[in-house]
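Enquirer: Before I ask anything, here is the structure I am working with.
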Amino acid sequence: MDGNGRWAAGQGLPRSEGHRAGVDAVRRVVEAAPSLGIDTLTLYAFSSHNWARPTGEVASLLGLLEDYLRGDAAEYAARGVRLRVIGRRDRIPRSLAGAIESAERLTAGGRALDLRIALDYSSRDAILRASCWMLSSLEVSEREFARRLGQVTHGGGAAPDVDLLIRTGGERRLSDFMLWECAWAELLFTPRMWPEFDAADLAAAVEDYLGRERRFGRVPETAAAS
Numbered sequence: 005m006d007g008n009g010r011w012a013a014g015q016g017l018p019r020s021e022g023h024r025a026g027v028d029a030v031r032r033v034v035e036a037a038p039s040l041g042i043d044t045l046t047l048y049a050f051s052s053h054n055w056a057r058p059t060g061e062v063a064s065l066l067g068l069l070e071d072y073l074r075g076d077a078a079e080y081a082a083r084g085v086r087l088r089v090i091g092r093r094d095r096i097p098r099s100l101a102g103a104i105e106s107a108e109r110l111t112a113g114g115r116a117l118d119l120r121i122a123l124d125y126s127s128r129d130a131i132l133r134a135s136c137w138m139l140s141s142l143e144v145s146e147r148e149f150a151r152r153l154g155q156v157t158h159g160g161g162a163a164p165d166v167d168l169l170i171r172t173g174g175e176r177r178l179s180d181f182m183l184w185e186c187a188w189a190e191l192l193f194t195p196r197m198w199p200e201f202d203a204a205d206l207a208a209a210v211e212d213y214l215g216r217e218r219r220f221g222r223v224p225e226t227a228a229a230s
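FYI, the numbering for the sequence shown is 5 to 230, going by the working numbering.
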């Protein structure tokens, strides 16, 4: 979800208004996702590296996220959206932690969409912590490591591999996002700023993805046969 600040600057608005418009984009995408066959949607809301931003901007971002969780959880529960927050929780405000727990509890029964919000998230940090945890384990396998990785990020176990990663805002990098899960992800980079991103953009991205041939390291014939 990149481009909030640049979008706001282009509109002559403060960066906080860009983040506010970004929340509206989240709502549009979450509403559209199930109808496009998407069952798991992970949104990168706040990187662990974002703590380096100005204090006021960080406070505004976290406040917006708390308002979003408290304001939208009941509607998500009614629509069958399960909301989970992945990332660290030892550095965020207590009120935000409470909003997360409440939203996760309220939407736990959702089956239409598994919505995962990445907050204070760093894939490198998660991999490092899961690796340290695995040092004391007798079982070392990809499946077990993925399960541990999900536990250290509060994801409730192993996350599914990412099929399609969409980055808005024109940048072409992963920025420490789900490095393990993106091993075979298709990548789509769009110049659209996140506040402008809508259901039509998501549908176009899914159509582009469906037109690609995913080989997973194999030759086309064996990939198609699997």
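Glycine included, C-beta positions come from ideal geometry on N, C-alpha and C. Predicted, not measured: the structure shown is a model, and the values here were computed from it.
At the level of alpha carbons, what is the spacing between D129 and L119?
Expert: For D129 and L119, the distance between alpha carbons rounds to 22 Å.
Enquirer: Using a Cβ-Cβ distance cut-off of 9 Å, determine whether E21 contacts chain B.
Expert: In the structure shown, chain B cannot be found, because there is only a single protein chain.
Enquirer: Tell me which residue opens and which closes the alpha helix (DSSP H) that R133 is part of.
Expert: Taken as a continuous stretch (DSSP letters only), the alpha helix (DSSP H) holding R133 covers S127 to M138.
Enquirer: The alpha helix (DSSP H) that contains F149, what's its start and end?
Expert: E146 to V156 is the span of the alpha helix (DSSP H), which, as asked, contains F149.
Enquirer: Excluding the five sequence neighbours on either side, which residues of its own chain have a C-beta within less than 6 Å of the C-beta of V33, listed in chain order?
Expert: For V33, where only same-chain residues beyond five positions count, the Cβ hits under 6 Å are L206.
Enquirer: To the nearest angstrom, how far is it from the Cα of L100 to the Cα of L65?
Expert: The straight-line gap from Cα to Cα measures roughly 11 Å.
Enquirer: Count the other CB atoms within 10 Å of the CB of P97; is the residue buried (16 or more) or exposed (fewer)?
Expert: The residue is exposed, with fewer than 16 neighbouring Cβ atoms inside 10 Å.
Enquirer: Per DSSP, Y48 forms a beta bridge with which residues?
Expert: Paired residue(s): A122.
Enquirer: Count the other CB atoms, across all protein chains shown, that sit within 10 Å of the CB of G7; report buried if there are 16 or more and exposed otherwise.
Expert: With 16 or more other Cβ atoms within 10 Å, it is buried.
Enquirer: To the nearest angstrom, how far is the alpha carbon of A81 from that of L68?
Expert: Between A81 and L68, the C-alpha separation is close to 20 Å.
Enquirer: So, for E185: in the same chain, excluding its five sequence neighbours on each side, which residues have a beta-carbon less than 7 Å away from its beta-carbon?
Expert: Hits under 7 Å: A163, D165 and V166.
Enquirer: In this structure, how does DSSP classify V166 when only helix, strand and coil are distinguished?
Expert: Three-state result, V166: coil.
Enquirer: Going by other Cβ atoms of all chains shown within 10 Å of its Cβ, with 16 needed for buried, is E79 buried or exposed?
Expert: That one is exposed.
Enquirer: Assuming G91 and A122 are in contact, meaning their beta carbons sit under 8 Å apart, how far apart are those beta carbons, in whole angstroms?
Expert: Confirmed, Cβ separation roughly 5 Å.
Enquirer: Just verifying my parser: in three-state terms, what is the DSSP assignment at I42?
Expert: The answer is coil: DSSP assigns I42 none of H, G, I, E or B.
Enquirer: Is the number of C-beta pairs between the stretch 34 to 45 and the stretch 200 to 215 that are closer than 8 Å three or more?
Expert: Flag = yes, the stretch 34 to 45 and the stretch 200 to 215 touch.
Enquirer: Look at the Cβ atom of D76, then the Cβ atom of R95, and state whether they are nearer than 9 Å.
Expert: No, the Cβ-Cβ distance between D76 and R95 is not below 9 Å.
Enquirer: Just the C-alpha distance for M197 and A187, rounded to the nearest angstrom, thanks.
Expert: For M197 and A187, the distance between alpha carbons rounds to 25 Å.
Enquirer: Beta carbon of A29, beta carbon of D180: below 9 Å?
Expert: For A29 and D180, no; Cβs fall outside 9 Å.
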